[in-house]
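See structure below.
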Amino acid sequence: MATDVQRIIDTILSSSRVQESRAFEGRTFADEPILRRGSQMESYLPDKIREMRSMARSQPSRIRSDQQLFYEQARFMEDYEDSIESYSTFSHYFPTYESMGNRDLRRYFSWRAHVRAGKVIPTSLSFVFVLFYELICGIGVSSPKEGFAKIESLWQEYRIFEPKIDRHAKRWLRDYAAWHNLPRDLIAPYVDLGFDQAIICLRDSLASWPGADDGADTSGEGEAFEALEELSSYRLGASRLYADRPETLRHVALGTLARLSAYYDKHRKSGLLDTFFGSPIARPYQMFGSAVFFAPAPHPDATYGLDPVNRYVCRSGSWYREAYVETRERNSKLGAILRAVDQRLRNAIGYEHPLVEKDVPKYLAKIIDGQIEARLAWEHQREARMVRVDLSQLEGIRAAASVTREALLVDEEREDAPSAPTTAAVAANPTPDHDLAQPQAAATSVPVAPTAPGPNEPSSAFGLTDEEAALVTALLQDKPAPTAATSLDMLVDSINEKLFDLLGDTAIEFGENGPAIIEDYQQDVRGALLP
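Numbering (our numbering), first residue to last: 833 to 1363.
In structure tokens, the structure reads:
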């Protein structure tokens, strides 16, 4: 039909009578519209749209909801395309087909055809929302996963023009995934669960905290402390004291909260974290809020979990959202407790940068002070248990051992054995008067086995032997510890003692993968020992 109309237009324009007519000579012509097919005229209403319009006037429509009417019209127009100018300034709150005039309807379906062909054309924001509604209702998609991808793509393409789409699109994507039970990783970028997961982490840590207040390190302290940093208005990680004694402050803070949590469980109606952040409860939830949405059949019962406390639940066609309902901001009550911990610990150790004391409940002060006392006692005992071996005595010990061995040998063994050091040689290496270990380590036995003679004479800065220098060099270069005649423990202790004047602290510590130079001191050691 369209081809026949175009042929008639072309015939008229090419007629020799029209071209040779003298009736137009001597006249001045202004711009005039060219001849068009009727379907190209904006005033023309295609039959498909006319039929869609009639659906709103049919008898059953009187008992339909606006959402159902939109859904049925969208299904009817699912494959329709138009071809007029698509730009429009149409704007309407909760736009639908019924809220558009005939001209805007044709512009919408022309614009939708461009979008489906992959062309991003600026247009009315209301047009974009109508297309969102169609996709949410499953119009123009063959599977839920394809629908999710198209919603996501439409959002990313048009948020450049209208950033306000973000708030709606993220929620619709989450709801769409829950409705169709899509993989959780699809909505991971659009779900902020960090705050809730911090509550879960802290709750689990406090529940598993040891019952005895012995001040010892507890597994999982690092993760629990990171959760505190997420939840508290007072940031312990930014405290001066944390920079100097992080393990002490961290343990006392978590121990205080664990004991305070037990106190709340015993004396209060709500637990500690429930008091601060509320508890997860299920509340009625409108799926696809702020969208025109209709489902032709009730959704079956379902549960869609995002994490242990965030879930979508459908029961008998009604949806519920289970989550923490209190504010998701940093908690000032928790912050006040952590500040009190910081202040009282500073006072207890005589820290040079004290905090102004504020009033705290007596029961809280007692809990904090108890945790401080237990931790400091444990740290003191740990220091007392540390054994330091003076390796400078080893040569004398070896010489004395050789003399003893010589005295115990029979003649036959003496003839076969290499010559042993004489008493005069032993006298040339007298044993110092001081003890091998610190007095506090008297109860701890440290066996020292004779080792084969090796390069134990000082050969580098700070009196390091060749073996010690080789070990330090290997650690600085992230290489395995070289094989040495002296045990690794003794080498590390000797190096730490000799580098104490340089660093004022331990240089090498044992970790899961063996000895390693403490990261904060690597540059100092490298500059002092390596060329």
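Using N, Cα and C, we set each Cβ at its ideal position, and we do this for glycine too.
- Query: Between which two residues does the alpha helix (DSSP H) containing Y1195 stretch?
  - Reply: K1194 to R1217
- Message: For H911, count the other beta carbons within 10 Å of its own beta carbon; 16 or more makes it buried, fewer makes it exposed. Which is it?
- Response: The sequence given here places Asp at residue 911; His does not occur at that position. So D911 ends up on the exposed side.
- Spatially closest choice to G1054 from E1184, L1335, E1079 and A1075, by CA coordinates: E1079
- Near S1064, which residues of its chain fall below 7 Å by C-beta distance, leaving aside the five closest residues on each side in sequence? R1162, N1163, L1166, G1167 and L1170
- Query: Excluding the five sequence neighbours on either side, which residues of its own chain have a C-beta within less than 7 Å of the C-beta of T921, listed in chain order?
  - Reply: S956
- Item | DSSP state of I1350 mapped onto helix, strand, coil | coil
- Message: Let me check understanding here. Comparing Cα to Cα, which of E917, S958 and A1044 lies closest to Y925?
- Response: Considering only E917, S958 and A1044, the residue with the shortest C-alpha distance to Y925 is S958.
- Paired residues, beta bridge with D1298 - DSSP: DSSP output for D1298 lists no bridge partner at all.
- What number of angstroms, rounded off, separates the C-alpha of Q1029 from the C-alpha of R1091? Here the alpha carbons of R1091 and Q1029 stand approximately 22 Å from one another.
- Query: What three-state label does DSSP hand C969 in the structure shown?
  - Reply: coil
- Message: Could you give the first and the last residue of the continuous alpha helix (DSSP H) run that contains E883?
- Response: D879 to M887
- Pick from Y940, L1014 and V952 that is closest to S975, judged by C-alpha positions: Of the listed residues, the one whose Cα sits closest to S975 is L1014.
- Item | Whether V962 touches P927 by CB criterion (8 Å) | yes
- Message: On a Cα-Cα basis, can you pick out the residue from P1312, A1172 and R1115 that is closest to V1141?
- Response: Nearest of P1312, A1172 and R1115 to V1141, Cα basis: R1115.
- Distance CB(M932)-CB(Q905) smaller than 8 Å: With contacts defined by Cβ atoms closer than 8 Å, M932 and Q905 do not form a contacting pair.
- So, is H1083 buried or exposed, given that buried needs 16 or more other C-beta atoms within 10 angstroms? buried
- Message: How far does the beta strand (DSSP E) with I1340 in it extend, from its first residue to its last?
- Response: I1340 to G1343 is the span of the beta strand (DSSP E), which, as asked, contains I1340.
- Item | Residue environment, K1330, which counts as buried when at least 16 other CB atoms sit within 10 Å | buried
- Query: What's the call for S1102, buried or exposed, on a 16-neighbour Cβ count within 10 Å?
  - Reply: exposed
- Message: Extract the residue ranges of the alpha helix (DSSP H) inside the stretch 1015 to 1091, only unbroken runs of 4 or more that lie entirely within it.
- Response: 1026 to 1039, 1053 to 1063 and 1072 to 1076
- Mind checking which residues open and close the alpha helix (DSSP H) that includes S1164? S1164 to I1181
- Task: Just mark S1148 as buried or exposed, buried being the case when its beta carbon has 16 or more other beta carbons within 10 Å.
- Result: exposed
- Query: A1348 to Y1066, Cα distance in whole Å?
  - Reply: 33 Å
- Message: Using only CA atoms, which one of T1318, V1304 and M1322 lies nearest to I1350?
- Response: Of the listed residues, the one whose Cα sits closest to I1350 is V1304.
- Query: From the DSSP output, which residues share a beta bridge with W1151?
  - Reply: C1146
- Query: Taking the C-alpha atoms as reference points, what is the distance between S1319 and L1361?
  - Reply: Put simply, the backbone Cα of S1319 is about 22 Å away from that of L1361.
- Item | For G1407, three-class secondary structure by DSSP | The chain is shown only over 833 to 1363; residue 1407 falls outside these bounds and no answer can be derived.
- Query: To which residues does DSSP link R1115 through a beta bridge?
  - Reply: Paired residue(s): R1153.
- N- and C-terminal bounds of the alpha helix (DSSP H) containing Y940: Judged by DSSP secondary structure, Y940 falls within the alpha helix (DSSP H) whose first and last residues are N934 to R948.
- Query: Using DSSP with H/G/I as helix, E/B as strand and the rest coil, what is A1134?
  - Reply: strand
- Message: Less than 7 Å between C-beta atoms, sequence neighbours within five positions excluded: which residues of the same chain meet that for G1052?
- Response: Excluding residues up to 5 positions away in sequence, S1037 lie with their Cβ nearer than 7 Å to the Cβ of G1052 in the same chain.
- Message: Once the 5 residues before and after Q900 are set aside, which same chain residues still bring their CB inside 6 Å of it?
- Response: F1126
- Message: Give me the residue from G1110, R1176 and W1011 with the minimum Cα distance to G970.
- Response: With distances taken between CA atoms, G970 lies nearest to W1011 out of G1110, R1176 and W1011.
- Task: With a 10 Å radius around its C-beta and 16 neighbouring C-beta atoms as the bar for buried, classify Q779 as buried or exposed.
- Result: Missing from the structure shown is residue 779; the chain here goes from 833 to 1363 and no further.
- Hey, D1046 and A1180 are a contact pair by Cβ (cut 8 Å); roughly how many whole angstroms apart? Between D1046 and A1180, the beta carbon gap of about 17 Å keeps them out of contact (Cβ cut-off 8 Å).
- Query: Alpha carbon to alpha carbon, how far is Y1156 from V1324?
  - Reply: 51 Å
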